[in-house]
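These notes are about the structure you will find just below.
Numbering (mature numbering (1 follows the signal peptide of the UniProt record, and there is no 0)), first residue to last: -25 to -1, 1 to 580.
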């Protein structure tokens, strides 16, 4: 009879599994979203894909920062009642794909793939394999593309990356190397000065020297269609000084890289120079005539400790005049809701979706009703002429807003007249390149592409899980699991009672046959007591309430640069796909914030 645990064990198991189910459902990436930061994002076929980073969940009693194990997307061809693109969490991602933060998504819009490079791990040993992975947008699966390490290329984190799908190239400049990117790394982290180039069509890597030997990280790099084959623009972040100590990269120093000639140029910008910052985001757009390229910058973390909690502001860098213009807030301040570790993705040249960010000043959730999306109307093409507005899938063009048009001598449709830096060009070759418009040879896919992938269809929406469907699944899963567990417990308990009566009858018969035999004392509690007594098994799960986690600290490289490092929290471990099934305790580097509260602001941000 000892084969069966006592009824109290099953009762406790029933209660534990019920609470576990509820706790799991409270970590739904859509329903329970609270915050997201340090993730990577890209747009392919009018869908905004995002992966990794760290998240907190609304309704999770632990209120901890977790590594995000999900690959999700927002459908940019539609809006839901909130006025933002609806989210979907029905994409494939299993445990063979790393969950990292500070990596990069490179979109290949021709072959319908997204490449995942770099990023760092938390409180788990970094993977020894530094692989490049690609997500197949058409067939919803992941593939191992190549191993950069075989080309002498290490895993990097929080560098600046950009893809140029028209040329089939992707670039990554700077970034951290540390013991969270490399399992064999020892000592403090270091920033690299190299510029990586990846060729999507032939799967080859090039490791080139950057503009100088200065290590850089946590800045931004974008591509504009100028020059012979496009130009890369880099600014912001941190850089090593002559003593090898990290310092802010001045925001007036703009690095321009010509990938056709493999040459770098440096230009000094003028105008409303933004305060130095890192871990901000930016996106580039331009009018039809390409007489000026406007790069919108948002948010960020100060480059040096003690310089404040961060930024909630917008600046625009206009090229080729290399002029900074303060754009938001209208009072000229740094804003009231600073955050950093966010992503910017330009949609159709007229809008830019700012997603997520870490908020150091409060514990409020980041507009959970719209899943942390904030839409920037780059040309202020709305009735209020506001920079922040609801998303409009039909807005695909860009007009130069009046504050910028005044600075660069342009009209709404272009025709900029200020086309050189205020102090003149530092390099005449760059001046010539800026007068040219990039032309790209037609790039053909290297595989068969179905013709229906160009836009979202009704079938796409049906295949995704809507919020209402997810709610139904969540509730149904809990109720269904409860019923199943109850039925199993009922039949096991009936079997237990039958075995108990059978054993009692056998004991009575044995006593009648051997009345003089001395029998040992039998404790009815001893057999199953250890299953639920936490004092007997201090390391047992029963000793902890559902949702509690062990954690350890995970300091990042040059932790003194940030006042927000040092948080201890778990990392989510997901075996296959949505929804999550178990959560293991690991740590992250960010500051904890408890008690998520309702939405942040009513201004559509």
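Heads up, the beta-carbon is just placed ideally off N, CA and C, and yes, glycines get one too.
Identity of the residue in the options nearest residue i by Cα
i, options, result
"residue 202", "426, 414, 423", "414"
"residue 73", "53, 52, 43", "43"
"residue 93", "86, 41, 28", "28"
"residue 87", "362, 111, 223, 345", "111"
"residue 36", "47, 9, 14", "9"
"residue 332", "390, 273, 293", "273"
"residue 184", "399, 101, 168", "168"
"residue 366", "354, 377, 242, 375", "354"
"residue 96", "5, 151, 146", "151"
"residue 336", "228, 349, 314, 217", "314"
"residue 393", "49, 245, 17", "245"
"residue 56", "68, 170, 162, 346", "346"
"residue 301", "271, 311, 131", "271"
"residue 105", "89, 132, 348", "132"
"residue 161", "143, 101, 199, 146", "101"
"residue 158", "122, 129, 146, 141", "129"
"residue 61", "14, 5, 71, 11", "5"
"residue 376", "388, 175, 121", "388"
"residue 395", "18, 141, 295", "295"
"residue 109", "407, 188, 19, 351", "19"
"residue 583", "223, 410, 54, 405", "Any answer about residue 583 is impossible in this case: the structure gives the chain only from -25 up to 580."
"residue 179", "145, 374, 156, 7", "145"
"residue 89", "423, 416, 175, 307", "175"
Expected contact under 8 Å - CB spacing of residue i and residue j to nearest Å
i, j, result
"residue 240", "residue 207", "So it is not a contact: roughly 11 Å between Cβ atoms."
"residue 135", "residue 149", "6 Å"
"residue 40", "residue 340", "Contact doesn't hold; Cβ gap of about 13 Å is too wide."
"residue 22", "residue 51", "6 Å"
"residue 320", "residue 258", "7 Å"
"residue 390", "residue 293", "Between residue 293 and residue 390 the Cβ distance is about 14 Å, and since that is not below 8 Å, they are no contact."
"residue 91", "residue 78", "6 Å"
"residue 199", "residue 190", "Contact doesn't hold; Cβ gap of about 25 Å is too wide."
"residue 275", "residue 255", "3 Å"
"residue 348", "residue 330", "6 Å"
For residue i, the three-state DSSP class (helix, strand or coil)
i, result
"residue 383", "helix"
"residue 116", "strand"
"residue 377", "helix"
"residue 409", "helix"
"residue 224", "coil"
"residue 616", "Given that the chain is displayed from residue -25 to residue 580, the structure contains no residue 616 and the question cannot be resolved."
"residue 301", "strand"
"residue 372", "coil"
"residue 422", "coil"
"residue 403", "helix"
"residue 191", "strand"
"residue 179", "strand"
"residue 441", "Caution is warranted here: a pLDDT of 43 is assigned to residue 441, below 50, making its placement in the model unreliable, and the coordinate value is therefore given only provisionally. In the structure shown, residue 441 sits in coil (DSSP, three-state: anything other than H, G, I, E or B)."
"residue 61", "coil"
"residue 123", "helix"
"residue 167", "coil"
"residue 243", "strand"
"residue 152", "strand"
"residue 28", "coil"
"residue 12", "strand"
"residue 391", "coil"
"residue 366", "coil"
Classification of residue i by the beta-carbon crowding that lies within 10 angstroms, buried from 16 upward
i, result
"residue 324", "buried"
"residue 25", "buried"
"residue 127", "exposed"
"residue 484", "Below a pLDDT of 50, predicted positions are generally treated as unreliable, and residue 484, at 43, falls in that range; the measurement from the model is reported next regardless. So residue 484 counts as exposed."
"residue 498", "Residue placement at residue 498 cannot be trusted, given a pLDDT of 27 that sits under 50; what the coordinates show is reported in the next sentence. With fewer than 16 Cβ atoms within 10 Å of its Cβ, residue 498 is classed as exposed."
"residue 578", "In this predicted model, residue 578 has a pLDDT of only 42, less than 50, meaning its place in the structure is not dependable enough to derive any value."
"residue 397", "exposed"
"residue 251", "buried"
"residue 268", "buried"
"residue 211", "buried"
"residue 114", "exposed"
"residue 30", "buried"
"residue 380", "buried"
"residue 119", "exposed"
"residue 107", "buried"
"residue 260", "buried"
"residue 220", "exposed"
"residue 425", "exposed"
"residue 399", "exposed"
"residue 235", "exposed"
"residue 407", "exposed"
Self-check item: Within the segment 262 to 345, ranges of the beta strand (DSSP E) (whole runs, at least 3 residues)
Solution: 268 to 277, 286 to 294, 298 to 303, 318 to 322, 326 to 330
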